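*Asks:*
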Amino acid sequence: MDEGLIRVGGRRLAYCTYGPAEGLPVFLFHGWGECRLTVPPDVSVIEELGIRLITIDRPGVGRSDPEPGRMLLHWPPNVEAVADHLAISSFAVVGRSAGAAYAAACAFSLPHRVMSATLISGVGPPSTGAWKLLATSDFRKLIFWLRLVPPLARPTLWLGVRLIRPHVRRLLDRHIAGLPAADQQVLGDGAMHAMRVSSLQEAFCQAEVGIYHDALLLARDWGFDPAAISTPVRIWHGESDTIVNVEFGRRLATAIRHSRSSFTADAGHYLMFTHWRQILEAVVEDSRAEHVAANGRGTASPARRDEVELPRVPDLTSGP
Numbered sequence: 177m178d179e180g181l182i183r184v185g186g187r188r189l190a191y192c193t194y195g196p197a198e199g200l201p202v203f204l205f206h207g208w209g210e211c212r213l214t215v216p217p218d219v220s221v222i223e224e225l226g227i228r229l230i231t232i233d234r235p236g237v238g239r240s241d242p243e244p245g246r247m248l249l250h251w252p253p254n255v256e257a258v259a260d261h262l263a264i265s266s267f268a269v270v271g272r273s274a275g276a277a278y279a280a281a282c283a284f285s286l287p288h289r290v291m292s293a294t295l296i297s298g299v300g301p302p303s304t305g306a307w308k309l310l311a312t313s314d315f316r317k318l319i320f321w322l323r324l325v326p327p328l329a330r331p332t333l334w335l336g337v338r339l340i341r342p343h344v345r346r347l348l349d350r351h352i353a354g355l356p357a358a359d360q361q362v363l364g365d366g367a368m369h370a371m372r373v374s375s376l377q378e379a380f381c382q383a384e385v386g387i388y389h390d391a392l393l394l395a396r397d398w399g400f401d402p403a404a405i406s407t408p409v410r411i412w413h414g415e416s417d418t419i420v421n422v423e424f425g426r427r428l429a430t431a432i433r434h435s436r437s438s439f440t441a442d443a444g445h446y447l448m449f450t451h452w453r454q455i456l457e458a459v460v461e462d463s464r465a466e467h468v469a470a471n472g473r474g475t476a477s478p479a480r481r482d483e484v485e486l487p488r489v490p491d492l493t494s495g496p
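Remember, my numbering sits 176 above the position in the sequence shown when you count from 1.
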């Protein structure tokens with residue numbers, strides 16, 4: 177794994193890369209409460225399939241600076257900035273859970289650069305009418321209060337992060353205990369558990385800023401109709417998902433008529449980790465031919481941006 181940091185409009189944007197530099201570029205967008213470190217621990221599949229995997233901390237998450245007033249469609253320019261910096265002209269996007277919305281936004285906004293989009297265990301826009309089916313009542317309550325009482329949201333989340341971050345391991349174990357067997361099995365693996373703990377701790381290092389906007393943006397109008405996406409799309413969803421109801425995936429598949437979908441009976445919300453190889457093989461299948469053609473036409477010139485050191489993790493003992 178190699179880490180980097182670029183400046184975009186004066187903001188710092190943190191990213192990681194895995195796999196060969198000459199490999200098929202695939203951007204992986206993390207879920208809610210996660211960060212750029214959320215990647216299956218065994219990277220041998222990435223190497224074997226010849227994939228260059230790039231993960232990015234969304235604004236206000238992990239080591240990326242906040243982006244005031246950001247909306248879902250503000251994300252694609254951030255991705256383009258990293259792609260330009262790495263001299264990548266075209267790429268595939270993969271989004272897990274909340275990250276699926278960001279992958280969809282890129283597919284909609286950047287059809288000239290995105291070769292394929294893969295949406296895994298993802299939510300859909302409020303217009304799909306599936307939000308009432310979210311199995312996690314606590315998440316529904318969080319979204320409800322964020323929208324109903326915005327002035328209380330930031331101090332409430334600030335306090336919550338202060339209480340959560342020192343006890344991530346214990347809270348993760350409690351979370352795992354309430355999941356279906358398929359999810360418990362994959363998250364019970366030692367390396368996977370360690371990755372999740374590290375990712376959660378890093379994701380919350382900026383207190384409430386990033387997670388507040390990440391949660392709120394999902395429940396707002398996305399600013400585009402998924403049906404208008406022209407890029408090839410694959411949808412993966414576990415039928416045993418107890419966090420994001422499989423109906424989200426079904427309705428997205430209906431909305432994006434040209435999409436290909438896989439609904440797996442024995443998989444839960446963490447399907448990406450149990451079906452990592454199959455998912456990446458499908459990404460390669462969808463993207464390889466166009467990747468070769470795009471490179472034959474020439475690659476994008478990298479933008480000139482200054483590399484900077486990773487910012488210091490803020491002191492969570494100070495007030496909001």
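Glycine included, every Cβ here is placed at the ideal spot set by N, Cα and C. Owing to the predicted nature of the structure, the values given are computational and were not obtained by experimental measurement.
Run through DSSP, which three-state label would SER374 get?
*Replies:* helix
*Asks:* Near ARG464, which residues of its chain fall below 7 Å by C-beta distance, leaving aside the five closest residues on each side in sequence?
*Replies:* LEU200
*Asks:* Anyone know if the C-beta pair for ARG187 and LEU181 falls short of 7 Å?
*Replies:* no
*Asks:* Count Cβ pairs between the segment 219-235 and the segment 193-208 that sit closer than 8 Å; are there 3 or more?
*Replies:* yes
*Asks:* Taking just the CA atoms, how far does ILE405 sit from HIS351?
*Replies:* 34 Å
*Asks:* Would you check if there are 3 or more beta carbon pairs closer than 8 Å linking the segment 364-375 to the segment 259-274?
*Replies:* Segments in contact, no.
*Asks:* Comparing the CB of VAL459 with every heavy atom of the ligand NAD, is any distance shorter than 6 Å?
*Replies:* The ligand content of the structure shown is nil, which means the ligand NAD is not present either.
*Asks:* For GLU224, is the classification buried or exposed, using 16 other Cβ atoms within 10 angstroms of its Cβ as the cut-off for buried?
*Replies:* exposed
*Asks:* Since TRP412 contacts THR294 with CB under 8 Å, what's their CB separation in whole angstroms?
*Replies:* 7 Å
*Asks:* Should GLN454 be labelled buried (16 or more other beta-carbon atoms within 10 Å of its own) or exposed?
*Replies:* exposed
*Asks:* What three-state label does DSSP hand GLU461 in the structure shown?
*Replies:* DSSP places GLU461 in the helix class (H, G or I) of the three-state scheme.
*Asks:* Write down the C-beta distance between GLY298 and ALA276 rounded to the nearest angstrom, noting that I regard them as a contact closer than 8 Å.
*Replies:* 2 Å
*Asks:* Evaluate ARG212 with the Cβ neighbour count: other Cβ atoms within 10 Å of its Cβ, from every protein chain shown; 16 or more gives buried, anything less gives exposed.
*Replies:* In summary, ARG212 is buried, with 16 or more beta-carbon neighbours lying within 10 Å of its beta-carbon over all protein chains present.
*Asks:* In the DSSP assignment, the alpha helix (DSSP H) including GLU223 goes from what residue to what residue?
*Replies:* 220-225
*Asks:* Quick check: the segment 215-222 against the segment 238-253, are there 3 or more CB pairs under 8 Å?
*Replies:* no
*Asks:* Taking 7 Å as the limit between beta carbons, can you name the residues of its chain near ALA274, skipping five residues before and five after?
*Replies:* Same-chain partners within the cutoff: GLY207, TRP208, VAL299, ASP390, LEU394.
*Asks:* Taking DSSP's pairing of strands, which residues face CYS282 in a bridge?
*Replies:* Note: CYS282 sits in no beta bridge, so no partner.
*Asks:* Residues in its own chain within less than 6 Å of ALA441 by CB, not counting five upstream and five downstream?
*Replies:* GLU415
*Asks:* Between the Cα of SER303 and those of ALA268, PRO402, SER266, LEU456, spot the shortest distance and give me the residue it belongs to.
*Replies:* PRO402
*Asks:* Which complete alpha helix (DSSP H) runs does the segment 188-263 hold, if anything under 4 residues is left out?
*Replies:* Here the runs fully enclosed are 220-225, 251-261.
*Asks:* Are ILE359 and GLY444 close, meaning C-beta to C-beta below 7 Å?
*Replies:* The sequence as given places Asp at residue 359; Ile does not occur at that position. Cβ atoms of ASP359 and GLY444: closer than 7 Å.
*Asks:* Distance, Cα to Cα, PRO235 vs ALA379?
*Replies:* Computed Cα separation, rounded: 11 Å.
*Asks:* Candidates TYR388, THR418, ASN421: which alpha carbon is nearest GLU210's?
*Replies:* TYR388
*Asks:* Do you know how far the Cα of PHE400 is from the Cα of CYS381?
*Replies:* 31 Å
*Asks:* Could you give the residue range of the beta strand (DSSP E) that holds ILE411?
*Replies:* 409-414
*Asks:* Comparing the C-beta of ARG234 with each C-beta of chain D, is any distance below 7 Å?
*Replies:* The structure shown contains no chain D, having only a single protein chain.
*Asks:* Rounded to whole angstroms, how far is the Cβ of ALA263 from the Cβ of GLY271, which I believe are closer than 8 Å?
*Replies:* Going by Cβ atoms, the distance from ALA263 to GLY271 rounds to 23 Å, so no, they are not a contact pair.
*Asks:* Am I right that ARG246 and PHE267 are in contact with their C-beta atoms under 8 Å? What's the rounded C-beta distance?
*Replies:* Incorrect: roughly 21 Å between the Cβ atoms, too far for contact.
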